[in-house]
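A.B. asks:
Residue numbers (full-length UniProt numbering): 1 to 101.
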């Protein structure tokens with residue numbers, strides 16, 4: 001059943017965390033068809049670029065994102081929401097950056 005592992009994870013905090021590569025893969029999947037590049041600026045901060053799927057030009061670059069080596073689903077959701085909000089503000093008419101809810 002989808003989401004059934006979350007019940008176990010909520011009782012076991014260490015299961016609720018994803019490694020950074022796992023978290024980044026979730027984010028890449030979320031932003032498809034947009035591209036997502038992530039690199040470390042320092043050992044505890046990231047640089048994230050969201051790329052146009054047709055040209056690979058950066059639509060958004062965010063630096064200084066504080067990051068641990070393991071992230072909770074809530075932390076990943078907050079980061080995704082912040083990136084989506086920034087994309088909507090900067091590129092309001094781009095069909096790739098508008099939320100469809």
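Note that beta-carbon positions come from the ideal geometry of N, C-alpha and C, so glycine has one too.
Fair warning: this is a prediction, and the values are worked out from it, not measured in the lab.
Got a sec? Which residues, its chain only, sit under 8 Å from residue 25 by beta carbon, not counting five neighbours each side?
C.D. replies: Once the five neighbours on either side are set aside, residue 25 has no close Cβ partner at all.
A.B. asks: Using a Cβ-Cβ cutoff of less than 6 Å, which residues in the same chain neighbour residue 62 once the five nearest sequence positions on both sides are dropped?
C.D. replies: For residue 62, where only same-chain residues beyond five positions count, the Cβ hits under 6 Å are 48.
A.B. asks: Could you have a look at residue 94 and say whether DSSP puts it in helix, strand or coil?
C.D. replies: Three-state result, residue 94: coil.
A.B. asks: Are the beta-carbon atoms of residue 66 and residue 44 separated by less than 8 Å?
C.D. replies: Between residue 66 and residue 44, the CB-CB gap stays under 8 Å.
A.B. asks: So, is residue 50 buried or exposed, given that buried needs 16 or more other C-beta atoms within 10 angstroms?
C.D. replies: buried
A.B. asks: Is the Cβ-Cβ distance between residue 20 and residue 83 less than 8 Å?
C.D. replies: no
A.B. asks: Since residue 27 and residue 34 should fall inside the 8 Å C-beta cutoff, what is the C-beta to C-beta distance between them, to a whole number of angstroms?
C.D. replies: Residue 27 to residue 34, Cβ: 10 Å. No contact.
A.B. asks: If we call anything under 8 Å between Cβ atoms a contact, is residue 87 one with residue 60?
C.D. replies: In contact: residue 87 and residue 60 (Cβ atoms closer than 8 Å).
A.B. asks: Taking residue 95 as the reference, which of 68, 69, 52 has the closest Cα?
C.D. replies: 52
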